[in-house]
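Okay, structure first, notes after.
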Amino acid sequence: MKFKAFLTENGVNLLEKRFLPALDKMGKICHLYLTRDHTMFLHNLLNGDGIQSVAQFRKEALFDDYRISSQNEDRIAFAIDISLLQRAVRSSVSICTEFGSGPTQNRLQIKLVKKLPPNCTQPMPFLTFETKGYKSAVIQDVPISKPFSRAQVIELQTGLDMAQDLPQTLVQVPDLNQLQNFVDRLKHVGDLLNVSISKYGDLLVQISTTLITVGAEFQKLLVIGEQADAPAEDRNLSAQTRSARAILRGDAQSVQVSVKHFAKSLQCHLAKPDCAFYGIAPQGACLTVIFQFFIPGSRQTDKSISLHCRLPVLDPGSS
Amino acid sequence: MSSEGPDLVCEVDNVQGIVDALTAVRWKRQQDAVVELSEHGVVLIVEESSCLQAKVYLQREIEIRCYIVFYILRSVDSLDACIYAEIRTRIPETISWDYNFEPAGTTPLSFTVKCLPLTIQTVIFKPQSAALKEAIDDLEWPGSSVQIILQPDPPSVTFKGEGHGDLQIDFMYYVNTDLLIAFSCDRQVSYRYKYKFLQATTSNIPSSVIRDNRGSKLTIGRGGMLKVQHLVSVARPSIPHPHIDSAGYQQPSRIAYIEFFVKPEEDESTIND
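Which chain is which? The protein sequence lines are E and D, in order.
Residues 0 to 318 (numbering that gives the first Met the number 0) are what the first sequence spells out, left to right.
Residues 0 to 272 (numbering that gives the first Met the number 0) are what the second sequence spells out, left to right.
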């Protein structure tokens, strides 16, 4: 089992400034899954109850001179502490930039190693960062779990395949910050959040307790997938009534998720996505949020980067 | 009740004013309030162990179509987004005490303090003013109650506490004219109030309100009932008028009245009516 690659300058930027801060909010430990063509950061794909997140990069988006080999179709997976990874990347960057402003190309190598740590009898696996500065080289070892067995990798791949189902209707959230401010306030009201999404482009988030109902509605959002025109007779009704009628008509779905999970999913804005879409998976299986990244300076989707989260549904609700 | 359309519509142009007013009368986490709605506006009453009561008067602003059932708060950020809230009502477990505040005599026993919350917080409860700090280092209000003494000659207000040590702060009307805006008293009275209740009458007033505050009036009524009145602006902050003096005109509907009533401690009857 071998893995060795050089992080590109763009790759370092993507990880250090955008993705690692966002993924750190998803959970301390994630699975790093490396294949011949892709690098993936996966949260909660093996255990069902938390928010699942899948960040996938084509190898070119992060690495140069990417070499991987294993007896398991060149697939390697292990668990890693995101905050340790973040620290290692961050200090590597500071070493690279400390001496002159030259390119970081081929200066930041990462590889999988087994080492005998001090006071240990068994060698332990590490992801090693080797940074070449102007006159010095710094080596940082980030401890990782024992690499996954063939059966575990298959299990992870199955979880990944199952996390790819696409909602029939997706609505684009115009302002993630605004929504996050609102949800941060809602966290004080209760734990369960109702999310309704309609084919008309309406997104309704609402919290209800025995004493209070607080919600926000966004209308006329951009819809991807199945869409419909909002009935004219509904126009002057309240948000809640319109949503209820849309669900009855089969034009909307509603699910209940944890406010904490929803707030976490909004933390993904740290990865600086260009768009965010929310949708409810078929049969109300989960609430999915898909982030879209553009090729810098264009409105074209950057297909080498993808990030999406799946929020477990706490109550099937009305579907 | 129809499923669509509330029975009462009350539009507010500045939600922050209401938030400020509600903050001012909130002194603990779980606090029930009784809301009275009428054609004149909204009155909100909160109470604490039948010794402290606060009332917020939000006067009628625009339109009240008919009588209550529940009310909906709704703010419109843009045409296509809105935030709404629905508060379910319940029957109050206790009936709020409706104390008929009566003057203690022919001459009202009252004084008006400029910027009371600030005064109370900094001078009286946590003395931090330079003069006081020089005199007494690390001053803390002793005991659990504070005695308020009003006397006509010389016209002055005294705050007095006894416990592990004594603390007495005198405000002479003619000396502290920048602090005491008005004073009315024809005989000496003295009542003792729970420190925590007195503090509740001022401690939660948001700083934005303190800035606009034109003075808070304290009146001692019959039996020693203390009334503390604050005015809170619920209007959108506008360009300040250059000639606003102490009697400056503000539209009455843009003001929320906040009143606190504090019952005196019963054992105290030194020089009363």
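Don't be surprised by glycine CBs; every beta carbon is placed ideally from N, CA and C.
Of the choices the options, whose alpha-carbon is the least far from that of residue i?
| i | options | result |
| --- | --- | --- |
| Leu247(E) | Ser197(E), Leu13(E), Leu159(E) | Ser197(E) |
| Tyr65(E) | Ser207(E), Asn12(E), Lys3(E), Val88(E) | Lys3(E) |
| Gln15(D) | Pro205(D), Pro263(D), Ile219(D) | Pro205(D) |
| Ser111(D) | Leu225(D), Glu101(D), Glu265(D), Pro263(D) | The residue asked about is misnamed: residue 111(D) is Thr in this sequence, not Ser. Of Leu225(D), Glu101(D), Glu265(D), Pro263(D), the residue nearest in Cα terms is Leu225(D). |
| Gly278(E) | Lys302(E), Ser253(E), Gln299(E), His268(E) | Ser253(E) |
| Arg17(E) | Asn193(E), Gln266(E), Phe217(E), Gln108(E) | Gln266(E) |
| Gly162(D) | Leu57(D), Pro102(D), Lys193(D), Gln150(D) | Lys193(D) |
| Met0(E) | Leu14(E), Phe147(E), Lys134(E), His37(E) | Phe147(E) |
| Gln167(E) | Val152(E), Leu178(E), Tyr199(E) | Tyr199(E) |
| Leu83(E) | Leu159(E), Leu14(E), Phe181(E), Asp190(E) | Leu14(E) |
| Val261(D) | Arg87(D), Ile147(D), Gln58(D) | Ile147(D) |
Contact criterion: CB-CB distance below 8 Å. Does residue i meet it with respect to chain D?
| i | result |
| --- | --- |
| Ile211(E) | yes |
| Ala231(E) | no |
| Gln218(E) | yes |
| Thr103(E) | Any reading at Thr103(E) must be qualified, since the residue scores a pLDDT of 48, below 50, and its modelled position is unreliable; no value is offered. |
| Ala215(E) | yes |
| Phe181(E) | yes |
| Ala270(E) | no |
| Ala238(E) | yes |
| Ser197(E) | no |
Using a Cβ-Cβ cut-off of 8 Å, state whether residue i counts as contacting chain E.
| i | result |
| --- | --- |
| Glu38(D) | no |
| Glu46(D) | no |
| Ile204(D) | no |
| Ile17(D) | no |
| Ala84(D) | yes |
| Cys81(D) | yes |
| Arg273(D) | Beyond the ends of chain D as shown, which are 0 and 272, falls residue 273(D); an answer cannot be given. |
Give the DSSP-derived three-state secondary structure of residue i in the structure shown.
| i | result |
| --- | --- |
| Asp79(D) | coil |
| His307(E) | strand |
| Ile50(E) | coil |
| Cys184(D) | coil |
| Pro281(E) | helix |
| Glu161(E) | At residue 161(E) the sequence reads Met, which differs from the Glu that was named. Note: Met161(E) maps to helix in three-state DSSP. |
| Ile94(E) | helix |
| Ser252(D) | At Ser252(D) the pLDDT is 47, less than 50, meaning the model places this residue with poor confidence; the figure from the coordinates comes in the next sentence. Three-state result, Ser252(D): helix. |
| Thr22(D) | helix |
| Arg244(E) | helix |
| Asn193(E) | strand |
| Glu264(D) | coil |
| His260(E) | helix |
| Pro124(E) | strand |
| Phe18(E) | helix |
| Met0(E) | coil |
| Glu38(D) | coil |
| Ser82(E) | helix |
| Gln55(E) | strand |
| Gln291(E) | strand |
| Glu47(D) | strand |
| Cys274(E) | strand |
| Asp299(D) | No answer is possible for residue 299(D): it lies beyond the span of chain D, which begins at 0 and ends at 272. |
| Ala103(D) | coil |
| Phe196(D) | helix |
| Met39(E) | strand |
| Leu115(E) | coil |
| Arg298(E) | coil |
| His163(D) | coil |
Assuming residue i contacts residue j (C-beta within less than 8 Å), just tell me the rounded distance between them.
| i | j | result |
| --- | --- | --- |
| Phe381(E) | Gln121(E) | No answer is possible for residue 381(E): it lies beyond the span of chain E, which begins at 0 and ends at 318. |
| Leu43(D) | Lys27(D) | Between Lys27(D) and Leu43(D) the Cβ distance is about 15 Å, and since that is not below 8 Å, they are no contact. |
| His42(E) | Ala76(E) | Contact flag wrong, Cβ pair sits at about 13 Å. |
| Val256(E) | Leu286(E) | 5 Å |
| Asp23(E) | Ile81(E) | 5 Å |
| Asn175(D) | Ala23(D) | Not confirmed; about 24 Å, so no contact. |
| Phe276(E) | Ile211(E) | 29 Å between Cβ atoms; not a contact. |
| Ala20(D) | Ile257(D) | 6 Å |
| Asp201(E) | Ser242(E) | 7 Å |
I want to see whether chain B comes within less than 8 Å of residue i, judged by CB atoms only; does it?
| i | result |
| --- | --- |
| Asp79(D) | No chain B appears in the structure shown, which is made up of the protein chains E and D. |
**Report entry** Minimum length 3: unbroken beta strand (DSSP E) runs contained in the region 166 to 240 of chain E
**Finding:** 168 to 171, 191 to 197, 202 to 207, 211 to 217, 222 to 224
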